[in-house]
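If you're matching positions, the sequence shown starts at 14 in this note's numbering and goes up one per residue.
Okay, structure first, notes after.
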Amino acid sequence: MMITVMSFERFGEQASFDPGTGMLGPVISRTGSLDHTGIGGTFGQLGDTLAVLYRADGPLRLLLGDQDIVVMEGIEVRHERGETVNRLTVGTHHIDYSRPADELNEDDLTACAEPEDFDLGLFLANVLGDPARCNVMYRSTAEGAEGPEDTG
14 MMITVMSFER FGEQASFDPG TGMLGPVISR TGSLDHTGIG GTFGQLGDTL
64 AVLYRADGPL RLLLGDQDIV VMEGIEVRHE RGETVNRLTV GTHHIDYSRP
114 ADELNEDDLT ACAEPEDFDL GLFLANVLGD PARCNVMYRS TAEGAEGPED
164 TG
């Protein structure tokens, strides 16, 4: 089964991903407006390591290189920011990667921009460390994600 995943680093790029083999298909660029319907995950590089956060059938999963990790509540997740190298730890796996050159400065007040928008490792740590956010990632309300109650 193949799913469509979007690039973390480059707006408008998508690829097919085979969760069974961990293989990422060719990256294609989309022009015009993006339709996020059918997006099953996000991919990017942490240094030389491919990272894919995805949901196929079942729980949210994280592929870190050749390690396919089921995301479950209580999994240990840490992001450490170093002077030149950051570290993402998920369970017993860790990845060291160069700090992004275009990361958001802590004092930057750009509207609607967050530090996780520029650092895939930080994005992954923030998502994996938040059970409510994990629950809704790459899932429509029709698939069982709990959304706001209809009060009307």
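Yeah, the Cβ is synthetic: ideal placement off N, Cα and C, and Gly gets one too.
- Where L59 is concerned, the enclosing beta strand (DSSP E) starts and stops at 52-59.
- Taking C-beta separations shorter than 7 angstroms and ignoring five residues to either side along the sequence, the partners of L101 in its chain run L59, H92, H107, I108, G134, L137, A138, following chain order.
- Secondary structure note for L75: it is in no alpha helix (DSSP H), and the uninterrupted beta strand (DSSP E) holding it is 74-77.
- When only Cα atoms are considered, M15 and P32 end up about 7 angstroms apart.
- Taking the CA atoms as reference points, G95 sits about 10 angstroms from Y110.
- DSSP, read as helix, strand or coil, puts V40 in coil.
- Taking 8 angstroms as the cut-off, the Cβ atoms of F24 and F56 do not count as close.
- Taking the CA atoms as reference points, T97 sits about 10 angstroms from A114.
- Just measuring C-alpha positions, the residue of V90, P39, R112 sitting nearest N99 is R112.
- Counting of Cβ neighbours within 10 angstroms places G71 among the exposed residues, the total staying below 16.
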